[in-house]
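Report on one structure; see the data block that follows.
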Amino acid sequence: MPQFRSFSRRHFLLAAGASAGASLLNSCAINPPSAADLSPKASALTLSPAQLPEVTTVKLGYIAIVESAPLLIAEEKGFFARHGMTNVSISKQASWGAARDNIEIGSDGGGIDGGQWQMPMPHLISEGLITKANRKIPMLTLAQLCTNGNGIAIANKHIGKGFGLDLAKSGCADYIREMKAAGTPFKAAYTFPRVNQDFWIRYWLAAGGLDPDQDLDLLAVPASQTVANMRTGTMDGFSTGDPWPYRIVRDKIGFLAVLNGQVWPDHPEEYFAMREDWVRQYPKATKAILKAVLEAQQWCDDPQNKEELSQILAIRKYFNVPATFLQGPYQGKYLMGDTFEEITDMSLATAYWKDSRGSVSYPYKSHDLWFLTESVRWGFLPQSILAEAERIINTVNGEKYWREAAQELGIAAKDIPQDTSRGIEKFFDGAEFDPKNPQAYLDSLRIKAIRA
Ligand code: CA
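Residue numbers (the working numbering): -5 to 446.
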């Protein structure tokens, strides 16, 4: 793509010449790349009657973080249209709560038919646990969107206190306990309670010997508010995803204490899920959407496309940040810890299609089980839910659609998992989750808040 390389160079020169000029950086970020600077879109397929989707219209929601890239790229690079979904509307959700509200009403009510979710939101919505009047809205998880790209940022006032992967070893756990004893508890935020980012910070704190319910304050706060509060010193930490950690470091608000890929290598992150009634009504359209998402995930993982991916996500209608905020993380470059040491480690970069464990995109039932088990660990769900886990997972997990879409796309058999379980999961502190025995995992954990 020679035109594209020249675009990158020009962009780099602009950015380099504007080291002190954030406004110029911003202005080049929000100007969409011109058509000539982009690689060609995917060409439309000639679809057989068996493949032709029942509808060409669907409304999908997303949150402006790297997890949404497969949905945005499926639209921008023509993958949705390639499979006959020519009227896909992708709408930015103001918050996770707004996404939940919009899936409740569906597109008929002005909301959405599906989109990007933290886990286990599709299960909680299906069971009526986070919906208005506890209305059950069955959903199907159809693909995992990505792994990695998430971490925990800490405000700069805590530089030198040992914030890193192992809080016990560094003495930082004692520092956090002392803050509580002094009446100024350490305060950290995530964007929605009882889902991914809440789990990630809890796991890390508990592995360091801290009780997240006793030794500090955790709360749900919108991302922009959290960053503003970190700047003014009234928030100490933020469990979040790219591009937020990079923004926080670049704006000298805080530092990146840990990446979740260090805590749990190749962990499950966010998912693509839709209302089950939509999928049931339009199974061919569902598979057309899935095929587009799977192709977009492969496109996103291609090193040749990373620069263009950063440019597309950066534009105003999507992330509205300088593309430089994404270029580094996509190359595995992070400024780590309170020394801001630059590391380059592709195993920690966001992956959309494959990681060292195999498929990123395939929605493993064993990962659904971890999210339900971790919900039990912290008392978010009663322990009795484990007896129902198999029913809930079999109802919500749509791996059957993923498998059919992958086969129809001609994905190599080695890239289609044979088993619905990824097997034993290993964490940095030595803990293991065997999906065959979630109780043994719960028993092995010292810090927990299980309720009957
Ligand atoms: Ca996330």
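Built from N, CA and C at the ideal position, the CB exists for glycine as well.
Predicted model, so just to flag it, every value in this text is computed and none were measured.
Between the CA atoms of residue j and residue i - distance to the nearest angstrom
| i | j | result |
| --- | --- | --- |
| Ala167 | Ala251 | 13 Å |
| Ile405 | Asp296 | 16 Å |
| Ile447 | Lys130 | Since the first residue of the chain shown is -5 and the last is 446, residue 447 is not available in this structure. |
| Leu439 | Ala147 | 25 Å |
| Leu342 | Pro43 | 42 Å |
| Asp245 | Lys181 | 20 Å |
| Gln219 | Thr185 | 10 Å |
| Pro239 | Tyr324 | 13 Å |
| Glu335 | Pro259 | 20 Å |
| Ser120 | Val390 | 7 Å |
| Lys300 | Pro237 | 14 Å |
| Tyr276 | Leu41 | 16 Å |
| Gln298 | Ser350 | 20 Å |
| Ile337 | Asn254 | 15 Å |
| Tyr169 | Ile441 | 18 Å |
| Arg171 | Gly154 | 16 Å |
| Gly156 | Gly165 | 6 Å |
| Ser89 | Leu436 | 31 Å |
| Val189 | Ala407 | 32 Å |
| Thr333 | Asp160 | 16 Å |
| Phe136 | Phe365 | Before going on, a small fix: residue 136 reads as Leu here, not Phe. Each residue's Cα considered, the two are about 16 Å apart. |
| Leu403 | Ala222 | 45 Å |
| Glu426 | Leu320 | 32 Å |
| Pro357 | Glu393 | 6 Å |
| Tyr197 | Met173 | 20 Å |
| Thr414 | Arg397 | 11 Å |
Neighbourhood of residue i by C-beta, 6 Å cutoff - its chain only, sequence neighbours within 5 removed
| i | result |
| --- | --- |
| Cys140 | Glu61, Glu263, Thr344 and Tyr346 |
| Ala149 | Met224, Asp230 and Gly248 |
| Gln292 | Trp347 |
| Ala201 | Asp423 |
| Ser369 | Leu375 |
| Leu199 | Pro206 |
| Pro26 | Ile309 |
| Gln87 | Gly55, Ile57 and Ala93 |
| Pro187 | Ala214 |
| Phe193 | Glu368 |
| Glu447 | This structure gives no information on residue 447, because the portion of the chain shown stretches from -5 to 446. |
| Ser233 | Ile146, Tyr184, Gln191, Trp194 and Ile195 |
| Val82 | Val52, Glu69 and Phe74 |
8 Å Cβ shell around residue i - same chain, five flanking residues per side excluded
| i | result |
| --- | --- |
| Gln433 | Leu380 |
| Asp409 | Lys348, Gly352, Ser353 and Ala400 |
| Asp211 | Pro179, Phe180, Lys181 and Ala182 |
| Leu46 | Gly78 and Lys278 |
| Ala127 | none |
| Ala446 | Pro376, Gln377 and Ser378 |
| Ser37 | Gly72 and Arg76 |
Per DSSP, cross-strand counterpart(s) of residue i
| i | result |
| --- | --- |
| Val52 | Val82 |
| Met133 | Arg269 |
| Leu253 | Gly145 |
| Val248 | Checking the displayed sequence, the identity of residue 248 turns out to be Gly instead of Val. DSSP output for Gly248 lists Ala149 as bridge partner(s). |
| Leu213 | Ala183 |
| Thr40 | Answer is none; Thr40 lacks a bridge partner. |
| Gly352 | Asp349 |
| Asn223 | In DSSP, Asn223 forms no bridge with anything. |
| Thr234 | Gly145 |
| Asn391 | Thr135 |
Contact belief for residue i with residue j at Cβ below 8 Å, rounded distance in angstroms
| i | j | result |
| --- | --- | --- |
| Leu65 | Gln110 | 6 Å |
| Met268 | Asp107 | 6 Å |
| Gly55 | Ser85 | 6 Å |
| Gly158 | Gly326 | Not quite, the Cβ-Cβ distance comes to about 18 Å (not below 8 Å), so this is no contact. |
| Pro411 | Ser360 | At roughly 10 Å, the Cβ-Cβ gap does not stay under 8 Å, so Pro411 and Ser360 are not in contact. |
| Cys294 | Ala63 | 5 Å |
| Leu329 | Val243 | 5 Å |
| Asp362 | Pro132 | Wrong, their Cβ atoms sit about 15 Å apart, outside the cutoff. |
| Gln138 | Ser355 | 6 Å |
Close beta carbons around residue i, own chain, < 7 Å, minus the five adjacent residues each side
| i | result |
| --- | --- |
| Asn20 | With a pLDDT of 43 at Asn20, under the threshold of 50, the modelled position of this residue cannot be trusted; read the value that follows with caution. For Asn20, where only same-chain residues beyond five positions count, the Cβ hits under 7 Å are Pro316. |
| Thr80 | Thr50 |
| Gly227 | Ala149 and Lys151 |
| Ala286 | Ala68, Phe73, Phe74, Arg76, His77 and Met79 |
| Gly373 | Ala443, Ile444 and Arg445 |
| Gly122 | Asn128, Arg129 and Lys130 |
| Leu118 | Ile124 |
| Ile387 | Lys359, Asp362 and Leu363 |
Contact test: residue i Cβ vs ligand 3 heavy atom, cutoff 7 Å
| i | result |
| --- | --- |
| Gln112 | Within the structure as shown, ligand 3 is missing, the only ligands being ligand 1. |
Exercise. What runs of the alpha helix (DSSP H), each 4 residues or longer, lie entirely inside the segment 87 to 141?
Worked result: With a minimum length of 4 residues, the continuous alpha helix (DSSP H) runs that stay inside the segment 87 to 141 are 90 to 99 and 115 to 120.
Exercise. Could you give the uninterrupted runs of the beta strand (DSSP E) lying entirely in the segment 296 to 347, keeping only those of 3 residues or more?
Worked result: Qualifying beta strand (DSSP E) stretches, in chain order: 327 to 330 and 335 to 338.
Problem set entry | Continuous alpha helix (DSSP H) assignments of at least 4 residues falling wholly in the segment 180 to 204 | As far as the segment 180 to 204 is concerned, its whole alpha helix (DSSP H) runs of at least 4 residues are 190 to 201.
Exercise. Which ranges does the alpha helix (DSSP H) cover as unbroken runs of at least 4 residues, wholly within the segment 393 to 427, from first to last along the chain?
Worked result: Unbroken alpha helix (DSSP H) stretches of 4 residues or longer found wholly inside the segment 393 to 427: 393 to 403, given in chain order.
Exercise. Where in the segment 352 to 384 do unbroken runs of the alpha helix (DSSP H), each at least 4 residues long, occur, reported from the N-terminal end onward?
Worked result: Counting only runs of at least 4 residues, the segment 352 to 384 fully encloses the following alpha helix (DSSP H) elements, listed from N- to C-terminal order: 359 to 371.
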